[in-house]
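Residue numbers for the sequence shown follow our numbering, so the first one is 27 and each next one is one higher.
Beta carbons: idealized from backbone N, C-alpha and C, even for Gly.
This one's a predicted model, so the numbers in the text were calculated from it and none came from an experiment.
Remarks on the structure that follows.
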Amino acid sequence: NDQVIAMYTRHSKKDLFINILEDYRNGFEFEGAQLIHPIRKEEYEKFPKQTITYATPIQLEKENNRIYCFGRWTGYKPNMMWSDDEGKNWSGSKVFITNYPFEDNNRPYVKYFSDGQSRIHILFTDGHPRVEPTNSVYYAYYENGAFYKASGELICTAAQIPFEPKDASIIYKASVSGGRAWIADLGHDENDHPVILYTKSPTELNHEYWYARYTDHGWLNQKICDSGKWFPQTPAGQTEREPHYFGGMTIHPNNANVVYLSRQIDGVFEIERWETENMGASWNTKAITQNSQFDNVRPYLPRGLRREADEVVLWMENQKYIHYTDFNTAIKYVILRN
């Protein structure tokens, strides 16, 4: 109906913000923010920790346009809630992934992807790689009131949540020698099979970029390249606070053979376009930035582009990035004409 709903949070502070634009064709003047506090007393008693971070709304056409909102609030865990009236009212929020026994310092990191029809792809980890020495990578999908492994095997219904990470499909089981993982992005192929990007860090000075696809024979994991170390600019004499902040990767939402990534070249992070014709066994590359003065990190392609549309890639240019609370960055973009 040409309405735009934006949902966002501060970082671990109270309240979830919703802004509504009734008709984008008449300009981009959003209504004032509606504030929601998604912590329910009953859920908090089971998972007693409160943070409000990472709101991710997804609408499913085949569920009568129900809007799901995922995020990290109750218990420091992935939560879900939904609205059946275009975001005006919301169900009670529930934790849907947790370990048992409950640990209030454990926080799975999650990425979501959907074509907006019936399925939501979910990629997640045990927790933060700074905290989890064997941080692994997992996958599940939601469809029609239940959660499933990549094979289609039922994990649980929505009425039975939460489930544990070990109940989902395991893409990469981390080890001390292989390196702890973190997730970058996910998409899907023409058969709606998941396509995954993640990192391994055998050492904090080298992040390996990996590409995984689900096939009839299970998960196919292919290394893309080494990407260098973290991108934050560590002050002299200090220990880096975020050594697992890699340059970034993203999948083309309409073509899972195309990946945009940021890797360190001659000491500077540059953006490149990588394309495969054989499930990641080999790649053709094209430089998007070269000989840059500043680091270029965290590339992203907008979702929802028409298949015939030009490719648009955006990224962060870091004049200064000491920490996520101390930065001077710009958002850059390039349009690649078809």
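Residue i - containing alpha helix (DSSP H), residue span
i   : result
E68 : 67-72
Residues near residue i by beta carbon distance below 7 Å, same chain, minus five either side
i    : result
V360 : I314, V339
C251 : Y235, R289
D152 : P134, E158, N161, S162, P191
H154 : R133, Y135
P266 : With the sequence shown as reference, residue 266 is identified as Glu, and Pro is not the correct amino acid for it. The answer, listed in chain order, is W256, P258, T260.
K88  : Q143, S144
R81  : This sequence places Ala at residue 81; Arg is not what is there. Only M33, Y34, T35, L42, C95, G97 meet the Cβ criterion.
Continuous beta strand (DSSP E) stretch holding residue i: start and end
i    : result
R133 : Here R133 belongs to no beta strand (DSSP E), and DSSP marks it neither H nor E.
F96  : 92-100
G244 : 244-252
R239 : 232-241
P83  : 76-86
Beta-carbon separation (whole angstroms), residue i vs residue j, contact threshold 8 Å
i    : j    : result
Q29  : L86  : Contact doesn't hold; Cβ gap of about 16 Å is too wide.
P277 : L223 : Looking at the sequence itself, residue 277 is Ile, so the reference to Pro does not match. I277 to L223, Cβ: 6 Å. Contact.
L164 : F150 : Checking the sequence shown, residue 164 turns out to be Tyr, not Leu. Sure, about 5 Å apart at Cβ, within 8 Å.
I65  : S38  : The pair is not a contact, with the Cβ atoms about 13 Å apart (cut-off 8 Å).
E337 : L362 : 4 Å
Residues that residue i bridges to, as DSSP identifies them
i    : result
V157 : Paired residues: none, contrary to the question.
L327 : Answer is none; L327 lacks a bridge partner.
M305 : The partner list for M305 (beta bridge, DSSP) is empty, contrary to what the question assumes.
N354 : K346
F150 : V136, Y164
T4   : Lying outside 27 to 364, the shown extent of the chain, residue 4 is not represented and no answer is given.
P104 : R98
K312 : R299
W208 : T225
D321 : N344
Q290 : F295
CA-to-CA distance, residue j to residue i, given in whole angstroms
i    : j    : result
N310 : D211 : 20 Å
E129 : Q319 : 43 Å
I291 : E298 : 11 Å
F19  : I46  : Lying outside 27 to 364, the shown extent of the chain, residue 19 is not represented and no answer is given.
H270 : N52  : 43 Å
H349 : F122 : 30 Å
K175 : G263 : 46 Å
Beta-carbon proximity list for residue i, same chain, < 8 Å, skipping 5 on both sides
i    : result
K346 : Q259, D352, F353, N354, T355
W108 : R92, I93, Y94, C95, W116, S117
Beta-carbon contacts of residue i that lie in its chain and below 6 Å, excluding the five residues immediately before and after
i    : result
E301 : N283, V284, N310
Y326 : T276, L340
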